[in-house]
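Engineer: In our numbering, the protein residues as written are 279 to 420. Once you've had a glance at the structure underneath, I'll fire off some questions.
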Amino acid sequence: MPTREFLSHIDLAVADPAEAIRFYELLLTALGFARTELDSPDRASWRLIAEDGSHFEIEVRPPRGTPSARRHNRNDPGIDHLAFHADSPADVDSIFDRLTAYGYPVDEPPRHYDYSPGYYALGFDDPNGIRLEVVHDPGTNP
Ligand SMILES: [Zn+2]
279 MPTREFLSHI
289 DLAVADPAEA
299 IRFYELLLTA
309 LGFARTELDS
319 PDRASWRLIA
329 EDGSHFEIEV
339 RPPRGTPSAR
349 RHNRNDPGID
359 HLAFHADSPA
369 DVDSIFDRLT
379 AYGYPVDEPP
389 RHYDYSPGYY
399 ALGFDDPNGI
409 RLEVVHDPGT
419 NP
């Protein structure tokens, strides 16, 4: 049974929801996501709807119980990083400009990588330490 879409959603538990919501609003709206309404002030959700009607959603929410650590460590077992598609190298540069304009650190500025021809990406952490990447990969974005 092949899956209908790539992913349905990702929920991120964050130490400081207000800070994370500001960050993801900035990032995800630039990537074409639209904010969806939730009935809680410490949760937010953004949806990306593809041309074929399929959709993918990212939600930010507080942790359940007492977190074992305030920051995510990508070197521990679990998620290493999440990568978002960009349509062009210019779009990758635009995300870099947007993040730095708002004072968010980007420790891997846009550059080419030899993973595949034309692979161009930047890497940065969200306020909770979750590593994110925005990549133009011509193999997936012809
Ligand atoms: Zn990656």
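Built from N, CA and C at the ideal position, the CB exists for glycine as well.
1. Looking at the strands, I want to know which residues DSSP matches up with Ser323.
2. Go ahead and pull the three-state DSSP assignment for Phe425.
3. Please tell me whether, using a cut-off of 6 Å, the distance from the CB of Ala361 to the nearest non-hydrogen atom of ligand 1 is below it.
4. Using only CA atoms, which one of Val370, Asp403, Ile288 and Ala399 lies nearest to Arg339?
5. Between Glu335 and ligand 1, is the CB less than 6 Å from at least one heavy atom?
6. By how many angstroms is the C-alpha of Phe284 removed from the C-alpha of Ile357?
7. Just to confirm before moving on: does the CB-CB distance between His359 and Arg313 stay below 7 Å?
8. Tell me whether Glu386, by its Cβ, gets closer than 6 Å to a heavy atom of ligand 1.
9. Counting C-beta neighbours from all protein chains within 10 Å, is the total for His350 16 or more, i.e. buried, or is it exposed?
10. According to DSSP, which residues form a beta bridge with Phe402?
11. Is Arg348 helix, strand or coil by DSSP?
12. What's the call for Asn406, buried or exposed, on a 16-neighbour Cβ count within 10 Å?
13. How many Å lie between Pro319 and Ile299 at the Cα?
14. Check for me: the beta strand (DSSP E) holding Glu386 runs from which residue to which?
Structural biologist: For this structure:
1. For the purposes of this step, residue 323 is taken as the residue at position 45 of the sequence shown. Residue pairing for Ser323: DSSP places it in a beta bridge opposite Thr314 and Glu337.
2. The displayed coordinates of the chain run from 279 to 420. Any statement about residue 425 would go beyond what the structure contains.
3. Within the sequence shown, the letter at position 83 stands for residue 361. Yes - ligand 1 has a heavy atom lying nearer than 6 Å to the Cβ of Ala361.
4. Against the sequence shown, residue 339 aligns to sequence position 61. Scanning Val370, Asp403, Ile288 and Ala399 for the CA closest to the CA of Arg339 turns up Ile288.
5. Position 57 of the sequence shown, counting from 1, holds the residue named residue 335. Incorrect: Glu335 has no Cβ contact closer than 6 Å to ligand 1.
6. Along the sequence shown, one-based indexing puts residue 357 at 79. Along the sequence shown, one-based indexing puts residue 284 at 6. Taking the straight line from one Cα to the other gives about 17 Å.
7. Numbered from its first residue, the sequence shown carries residue 359 at position 81. Numbered from its first residue, the sequence shown carries residue 313 at position 35. In terms of Cβ geometry, His359 and Arg313 do not form a close pair [threshold 7 Å].
8. Taking the first residue of the sequence shown as 1, we reach residue 386 at position 108. Result no, Cβ not under 6 Å from ligand 1.
9. For this step, residue 350 is matched to residue 72 along the sequence shown. By the neighbour-count rule (16 or more Cβ atoms within 10 Å), His350 is buried.
10. Translated into the one-based positions of the sequence shown, residue 402 becomes position 124. Paired residues: Leu410.
11. For the purposes of this step, residue 348 is taken as the residue at position 70 of the sequence shown. Coil.
12. What you label residue 406 is simply residue 128 of the sequence shown in a count that begins at 1. Buried is the call here.
13. The residue you call residue 319 lines up with position 41 of the sequence shown. The residue you call residue 299 lines up with position 21 of the sequence shown. Spanning the two alpha carbons is a distance of roughly 10 Å.
14. Along the sequence shown, one-based indexing puts residue 386 at 108. Counting along the chain, the beta strand (DSSP E) containing Glu386 begins and ends at Glu386 to His390.
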